[in-house]
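**Q** Numbering (our numbering), first residue to last: 648 to 1171.
Just so you know, even glycine gets a beta-carbon here, dropped at the ideal spot from N, CA and C.
Predicted model, so just to flag it, every value in this text is computed and none were measured.
Below you'll find the structure I mean.
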């Protein structure tokens, strides 16, 4: 049923060869997740025209939630999987491969082509279970992913393939490790010149990088893994640091596992400084994560990387003998174009002269995947000096207003009076100089229409303060600045205790659910 590509002398196509394009078609609402149509559209736009011009039949296999025909529910039913993210993760574990293969045959090989064979599978971040199916069915596969080197001006791609000839041709055009290290050094120099040195310590600092709760990179043994499952190992590694800075992923709202790490490791501190500022800071010598791509970047910046998890994706690639190749998108497109035309990579050349450089931009890829975190320029956090005051909202009398970089998570946009917390915990990031021993205070307000008193807590490092506000009441809340509050920037957690937040007032035009309002911050 499956035809294999031959890599000998090129021969005229005897039939319309069939290309399957996909991503992870089970990442959709069936398993409690959102499908990303952009990935399918991007991959289709990259390859369809090239292959169709060469006479191939091209089929995009996307889940129904992304406008395709792939039925993830049929996969769940065939394998008895729980319809949740953990059920999705189980696909990469100890699964009934015979049942999986039959279910995938029905989805990939039969529809739309009268049971036609497949000659090539090209996918974006193909999951282990799909790579395994393609291998067992004898279908050559090419997996494309964004390179971990997000700091480069043009985002390169990382390729894995079961085609040895394609791998050899790509390796000849790969971006070398020395080039990436040189680019990292230049990036770090420019970043430090623009943003300064963010860490006020001469001690040894380790950086723990958080990940998304639902991340294919955290699947091991067919289950999603949390960072707080590795606290003992983390504590052992952290003994070598004076401080362990804990940086949440900017898109992950549930950081309870990271807070558990901070509670268990006395010298661990949350930070909201940009990840790249931290990677470029000289005191940071080690980077720790479950399996984040930041680990690969850390090595390029000369940091020691500690990965806590050998995930199922890595196990699958190792079992198949797949080695990654980092190359420019133009070189990859050229190699796949040569494959489309001849099916012979032993002598095929790319469409352009291979330079080993990422010269063709991947249009929309960085933005569509949200890979610009840590790179976007939001300015610097507010600097608080003795005797200074920073207003939280755009009051008429305000001289200095808290910038976006100082309110990284948990806030509504400021109005003309107050900056209100949106989530049960909201973070404030400040630069505080010459502040040790001084009082860092803030004026906080409770909503006038609150149904009950609002309990508020302020935490920074090991220090904390709390108060109880009647509806419409206000007070001054603050802490004495200590050395450990300055590590990784002064990060303050302002939280409404017991998760109490005030629903919109009846008949109000303001639809926001409010926690506590911040008027201004001072350092006395």
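Got a sec, what are the start and stop residues for the alpha helix (DSSP H) residue 722 sits in?
**A** Residues 719-726.
**Q** Which runs of the beta strand (DSSP E) at least 3 residues long sit entirely within the stretch 749-800? Give them in chain order.
**A** Within the stretch 749-800, the complete beta strand (DSSP E) runs of at least 3 residues are 767-771, 788-793.
**Q** Which word fits residue 1001, buried or exposed, when buried means at least 16 other C-beta atoms lie within 10 angstroms of its C-beta?
**A** Any reading at residue 1001 needs caution, since the residue's pLDDT is 43, under 50, leaving its predicted position unreliable; the model's value is listed next. It is buried - the Cβ of residue 1001 has at least 16 other Cβ atoms within 10 Å.
**Q** Just grab the DSSP bridge partners of residue 1106 for me.
**A** Looking at the DSSP assignment, residue 1106 forms a beta bridge with 1111, 1140.
**Q** In this structure, does DSSP put residue 1130 in helix, strand or coil?
**A** DSSP places residue 1130 in helix when its eight states are reduced to three.
**Q** Looking at the structure shown, is residue 961 part of a helix, part of a strand, or coil, going by DSSP?
**A** The answer is helix: DSSP assigns residue 961 an H, G or I state.
**Q** What would DSSP say about residue 1121, mapped onto helix, strand or coil?
**A** In the structure shown, residue 1121 sits in a strand (DSSP, three-state: E or B).
**Q** Could I get the ranges of all uninterrupted beta strand (DSSP E) runs contained in the stretch 868-931, with 3 residues as the minimum, in chain order?
**A** Within the stretch 868-931, the complete beta strand (DSSP E) runs of at least 3 residues are 890-894, 915-917.
**Q** From residue 1128 to residue 1031, what distance separates their C-alpha atoms?
**A** Going from the Cα of residue 1128 to the Cα of residue 1031 covers about 12 Å.
**Q** Do residue 765 and residue 778 have their CB atoms nearer than 8 Å?
**A** Their beta carbons are not under 8 Å apart, which means residue 765 does not touch residue 778 by this criterion.
**Q** What are the partner residues of residue 669, as DSSP defines its beta bridges?
**A** Looking at the DSSP assignment, residue 669 forms a beta bridge with 770.
**Q** Determine the DSSP secondary structure at residue 1086, reduced to helix, strand or coil.
**A** Of the three classes helix, strand and coil, the one that applies to residue 1086 here is strand, per DSSP.
**Q** For residue 807 and residue 794, I'd like the C-alpha separation in whole angstroms.
**A** Near 12 Å, if we compare the C-alpha coordinates of residue 794 and residue 807.
**Q** Tell me, please, which residues DSSP counts as bridged to residue 952.
**A** Per DSSP, 934.
**Q** For residue 1067, does the count of other Cβ atoms within 10 angstroms reach 16, so buried, or fall short, so exposed?
**A** Per the 10 Å Cβ criterion, buried.
**Q** Who are residue 710's beta bridge partners in DSSP?
**A** 717.
**Q** My output table needs one value for residue 802: the three-state DSSP class, helix, strand or coil.
**A** Residue 802: coil per DSSP, three-state reduction.
**Q** Are the beta-carbon atoms belonging to residue 950 and residue 934 less than 8 Å from one another?
**A** Yes, they are a contact pair.
**Q** Output the boundary residues of the beta strand (DSSP E) element that contains residue 696.
**A** Run containing residue 696: none in the beta strand (DSSP E); it sits in the alpha helix (DSSP H), 684-700.
**Q** Look up residue 746 in the DSSP assignment and give the residues it is bridged to.
**A** Residue 746 is not bridged to any residue.
**Q** Helix or strand or just coil, what does DSSP make of residue 1163?
**A** Reduced to three states, the DSSP call for residue 1163 is coil.
**Q** Determine the extent of the beta strand (DSSP E) in which residue 853 is found, giving its start and end residues.
**A** Start and end: 852-856.
**Q** Give the C-beta separation of residue 690 and residue 668 to the nearest angstrom, bearing in mind that I take them to be a contact with Cβ-Cβ under 8 Å.
**A** Contact holds; Cβ gap of about 5 Å.
**Q** In or out: residue 1041 buried (at least 16 other Cβ within 10 Å) or exposed?
**A** Residue 1041 comes out exposed.
**Q** Check whether the stretch 942-956 touches the stretch 828-841, counting contact only when three or more Cβ pairs, one atom from each stretch, lie closer than 8 Å.
**A** A contact exists between the stretch 942-956 and the stretch 828-841.
**Q** Answer with buried or exposed for residue 1155, where buried requires no fewer than 16 other C-beta atoms within 10 angstroms of its C-beta.
**A** So residue 1155 ends up on the exposed side.
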